[in-house]
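Numbering (my numbering), first residue to last: 31 to 572.
Below, the structure is given as structure tokens:
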């Protein structure tokens, strides 16, 4: 009897996991003997124990014995997408039953400034309104998702860096370039043959930093990619073979030592992260595992003068979503009420010593504004300022939940954590003066629906810079502080941000005087196109 491949294309994962009934298993094996596509799918799955080990057999058990369940995925088109949001590597050899995503899932293409731009531009001698401070000589670079192809979750689009060169009071040039990762050039598979992650498979779309003479584009799930100041891609960078994990996109440079602190995710079968420390010369000097009970989406961490601080929060990789969810528009992470929430503290002077864990109320944090140590008559404490979500991604990976600024104070003697909300505004992308990382920074600037909000963390106050563009509000992205050369005060310098004008359908690089935050910008650099809303960037001075 001839059977249709399409009729059985959802059975392969259940077959390999042993969750088919005896009758269904015999029926599928009869079909398997004559279907090359199912044979290949079963063979591929059988060679991926790292992925299969995450799955419960009940995830692929039909509700009624012998009934063909619509949630069985086609294994080799689902498993290849199941690792930390690497969802853009489609395999079209076998049909896929794609579920309709919830309406709240956050797609790439949305009205306004979330959609991608279609190409790369270079423009010289840009028009400037106002005066660019002559002291600002360097590059402002910002990374973000800009997919070449329609579809996909906003967070997984191909990385594109937008850059402006400032020089002697001029805006010398603007460039936008895709980060030409292996995935961008050749659509490489996200998994190796043994089921481990292919660390060169990356969108490289989340941050861009400089350390030890290297400019690096970063993403949670992969190796960094080196780029030049002209935004050309050099290639994947593994610190001379010393980086064997991914490099999460929020590394911290210690202002006192020049060391780069960061972490990366381990493989699927090892639900922990690895903490790294590289010297000012880029040589990796520390690598140690930080054990956590699940594949939590950590994303950011904190550094103080004496400690490294990790967040183990209940947004966890969910293999059921990875293998059965709408891979085109969803991420495989879900809120887990059973996971708990805690803060891990490691002493910097004992990097291979114990990690102390402190329980907190369940929540999620993408971004930490800053952290610092406090010595008082009460004892030693660590203070963190975080952008806190009460929960996130319970049903789908949308961004409908709002987040606000909180202060956490860890009492290292008693183990208690004081948790205090400082403001009720919906904010994200907080930044401090990079020279104050690990110290008690006075100011943190964040993006809100009102504009840019600058928090005075010492006096618990806030001020807002609202953008007006031809009578309509402009929409800013993350603001980065550029200090005035030779000055140490956090008010001596400028904030740089790309601001989108819905009237002109274009963007400006806006420069604000940090000493007069709510005053009109000192300069607006008119860009030749809009810069889509993105993630993070850096001011790289000469």
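C-beta: ideal position from N, C-alpha, C; glycine also.
Proximity below 8 Å, CB of residue i to CB of residue j
i: residue 167; j: residue 454; result: no
i: residue 558; j: residue 261; result: no
i: residue 305; j: residue 314; result: no
i: residue 505; j: residue 176; result: no
i: residue 321; j: residue 308; result: no
i: residue 541; j: residue 171; result: no
i: residue 347; j: residue 325; result: yes
i: residue 553; j: residue 160; result: yes
i: residue 476; j: residue 417; result: yes
i: residue 338; j: residue 378; result: yes
i: residue 201; j: residue 555; result: yes
i: residue 401; j: residue 333; result: yes
i: residue 547; j: residue 235; result: no
i: residue 415; j: residue 487; result: yes
Three-way DSSP call (helix, strand, coil) for residue i in this model
i: residue 351; result: helix
i: residue 464; result: helix
i: residue 117; result: Residue confidence is low: residue 117 scores 33 on pLDDT, short of 50, so the model does not pin down where it sits. Its coordinate-derived value is still stated next. Residue 117 falls in the coil class under three-state DSSP.
i: residue 60; result: helix
i: residue 526; result: strand
i: residue 567; result: strand
i: residue 37; result: helix
i: residue 273; result: coil
i: residue 374; result: strand
i: residue 67; result: helix
i: residue 144; result: helix
i: residue 481; result: strand
i: residue 495; result: strand
i: residue 473; result: strand
i: residue 560; result: coil
i: residue 512; result: strand
i: residue 540; result: strand
i: residue 227; result: strand
i: residue 340; result: strand
i: residue 158; result: strand
i: residue 506; result: strand
i: residue 486; result: strand
Length of the line joining the Cα atoms of residue i and residue j
i: residue 279; j: residue 549; result: 32 Å
i: residue 364; j: residue 424; result: 5 Å
i: residue 245; j: residue 67; result: 43 Å
i: residue 198; j: residue 188; result: 33 Å
i: residue 563; j: residue 443; result: 43 Å
i: residue 2; j: residue 351; result: As displayed, the chain neither begins before 31 nor continues past 572, which places residue 2 out of reach and without an answer.
i: residue 269; j: residue 241; result: 11 Å
i: residue 514; j: residue 437; result: 29 Å
i: residue 257; j: residue 283; result: 19 Å
i: residue 227; j: residue 511; result: 35 Å
i: residue 336; j: residue 410; result: 11 Å
i: residue 331; j: residue 60; result: 52 Å
i: residue 470; j: residue 224; result: 46 Å
i: residue 461; j: residue 474; result: 5 Å
i: residue 163; j: residue 479; result: 28 Å
i: residue 165; j: residue 538; result: 20 Å
i: residue 482; j: residue 495; result: 5 Å
i: residue 157; j: residue 545; result: 25 Å
i: residue 551; j: residue 509; result: 13 Å
i: residue 287; j: residue 535; result: 44 Å
i: residue 573; j: residue 215; result: Past the boundaries of the shown model lies residue 573; the chain is included only from 31 to 572, so the question cannot be answered.
i: residue 255; j: residue 239; result: 11 Å
i: residue 412; j: residue 467; result: 13 Å
i: residue 388; j: residue 447; result: 7 Å
i: residue 381; j: residue 303; result: 14 Å
i: residue 253; j: residue 173; result: 16 Å
i: residue 329; j: residue 237; result: 12 Å
i: residue 62; j: residue 37; result: 12 Å
i: residue 391; j: residue 430; result: 21 Å
Beta carbon proximity, residue i to chain C, threshold 8 Å
i: residue 232; result: Among the protein chains of the structure shown there is no chain C, as only one such chain exists.
Under 8 Å: do the segment 340-353 and the segment 367-383 share three or more Cβ pairs, one atom per stretch?
Using a C-beta cut-off of 8 Å, the segment 340-353 makes contact with the segment 367-383, since at least three inter-stretch Cβ pairs fall below that distance.
What runs of the beta strand (DSSP E), each 3 residues or longer, lie entirely inside the segment 160-221?
Runs found: 168-175, 189-197 and 200-208.
Is the segment 516-525 in contact with the segment 184-203, if contact means three or more CB pairs nearer than 8 Å?
Output reads no: the segment 184-203 does not touch the segment 516-525.
Go through the segment 288-338 residue by residue and report every complete run of the beta strand (DSSP E) that reaches 3 residues or more, in order.
290-295, 302-308 and 314-321, all fully within the segment 288-338.
Cβ contact check for the segment 231-251 and the segment 266-282: 3 or more pairs under 8 Å:
Yes, the segment 231-251 touches the segment 266-282.
Enumerated in chain order, which unbroken segments of the beta strand (DSSP E) with a length of 3 residues or greater are wholly contained in the segment 237-264?
DSSP runs (the beta strand (DSSP E)) wholly in the segment 237-264: 237-241, 244-248 and 255-257.
Assess, as a yes-or-no matter, whether the segment 203-215 is touched by the segment 224-231 under the definition of 3 or more beta carbon pairs within less than 8 Å.
The answer is yes - the segment 203-215 touches the segment 224-231, with three or more Cβ pairs under 8 Å.
I'd like the ranges of any beta strand (DSSP E) spanning at least 3 consecutive residues and lying wholly in the segment 383-466.
For the segment 383-466, whole beta strand (DSSP E) runs of length 3 or above, ordered along the chain, are 386-389, 394-406, 409-419, 434-441, 447-451 and 457-461.
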